[in-house]
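K.L.:
A single structure is presented below for examination.
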Ligand code: SF4
Ligand code: SF4
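Residue numbers (this note's numbering): 166 to 499.
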């Protein structure tokens with residue numbers, strides 16, 4: 166019952182933000198891009214399972230299941246790989262559009278969310294439970310797997326009353342399923358390389374591009390995509406080289422911590438007017454009352470925390486969510 170209440174409240178909050186993006190765009194943009202999204206990476210590092218239990222998009226994506234019109238088709242391992250790779254590509258294609266459109270345009274952002282909801286509903290009406298969206302296509306899922314790789318808190322699973330093994334390697338109930346699962350296909354490995362190896366450089370590149378107002382020129386489009394993708398390629402190259410010298414688990418943790426540290430190193434100052442592009446992504450302008458050193462010190466402290474949490478602290482193989490009992494029609498695996 167407490168999970169249902171939490172899901173309902175967060176779903177109402179999500180609906181409110183969607184309405185604000187349409188009818189009060191400035192408020193909607195602040196709520197989504199300058200409050201909710203900046204908190205999200207920290208949330209994913211510390212308690213990814215909690216987020217997966219209350220995320221409003223997840224609650225919506227599971228409606229076909231709950232309302233009884235899902236075909237509940239089973240996802241095979243190779244299809245799981247395809248969906249995961251499509252999710253990563255969607256993430257890499259959508260995020261630069263923030264500079265070109267979404268950061269400054271509330272209704273366009275609302276349309277993006279509605280489009281994601283529609284895809285989630287269609288996917289959920291064909292495939293079983295979380296297999297289609299929350300363990301596959303959702304563009305946020307690869308980030309959950311990257312940042313939530315060293316998990317300490319397991320929660321009960323608020324979406325699955327019983328487990329029907331909707332996905333071969335459930336990311337919720339399997340401590341090994343992220344970001345490189347044990348059973349892999351070529352698509353799993355490519356998705357893992359792009360996210361673990363490439364994402365730190367991608368994040369770095371993204372923060373070196375300013376927001377664009379009005380209709381963007383071809384040069385601005387190329388810059389918006391070019392810099393993050395260049396960062397991704399360089400980061401992947403460093404990752405592949407470093408694989409010759411480091412254990413895989415340590416390297417994955419270092420790259421995860423680097424990506425989330427880059428995010429806050431640039432995003433935190435920008436929220437208070439000290440960003441590389443001072444007019445972009447401001448929550449409150451503190452430039453007239455605060456020395457930038459304070460904000461940079463907090464960003465540095467956050468980076469140290471991420472390296473401690475993800476790299477230096479004792480490794481614990483905790484699942485995001487506890488697997489519920491298997492459905493009666495299934496045989497329990499050993
Ligand atoms: S995978 Fe997407 S829809 Fe599912 S919990 Fe994560 S962000 Fe929400
Ligand atoms: S716990 Fe079972 S039913 Fe629920 S998402 Fe994981 S594999 Fe699917």
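Backbone N, C-alpha and C define an ideal beta-carbon position, used for all residues, glycine too.
#1: For residue 174, count neighbouring C-beta atoms within 10 Å of its own C-beta (all shown protein chains included) and say buried if the count is 16 or more, exposed if not.
#2: Just how far apart, CA to CA, sit residue 358 and residue 424?
#3: Alpha carbon to alpha carbon, how far is residue 386 from residue 396?
#4: Alpha carbon to alpha carbon, how far is residue 243 from residue 170? Give it in angstroms, no decimals.
#5: Going by DSSP in three states, residue 320 sits in which element: helix, strand or coil?
#6: Could you please give the first and the last residue of the uninterrupted alpha helix (DSSP H) stretch that includes residue 383?
#7: So, is residue 390 buried or exposed, given that buried needs 16 or more other C-beta atoms within 10 angstroms?
#8: Using 8 angstroms as the cut-off, classify the Cβ of residue 397 as near or not near the heavy atoms of ligand 1, replying yes or no.
#9: Tell me which residue opens and which closes the alpha helix (DSSP H) that residue 354 is part of.
#10: Do you know whose CA, among 428, 419, 369 and 448, lies nearest residue 472's CA?
#11: Hey, is residue 295 close to ligand 1, as in C-beta under 8 angstroms from one of its heavy atoms?
#12: In chain order, what residues of the same chain lie with their CB nearer than 6 angstroms to the CB of residue 306, ignoring the 5 residues before and after it?
#13: Measure the alpha-carbon distance for residue 411 versus residue 230 and round it to whole angstroms.
#14: Just to confirm before moving on: does the CB-CB distance between residue 482 and residue 353 stay below 9 angstroms?
#15: Which residues in the same chain as residue 490 place their Cβ atom closer than 6 angstroms to its Cβ, once the five residues preceding and following it in sequence are excluded?
#16: Within 8 angstroms: the Cβ of residue 211 and any heavy atom of ligand 2?
#17: Please confirm whether residue 289 and residue 226 have their CB atoms less than 9 angstroms apart.
#18: Judging by CA-CA distance, which residue of 432, 443 and 392 is the nearest neighbour of residue 463?
P.N.:
Let me lay it out:
#1: exposed
#2: 14 angstroms
#3: 16 angstroms
#4: 36 angstroms
#5: strand
#6: 383–407
#7: buried
#8: no
#9: 351–357
#10: 419
#11: yes
#12: 252
#13: 43 angstroms
#14: no
#15: 327
#16: no
#17: yes
#18: 432
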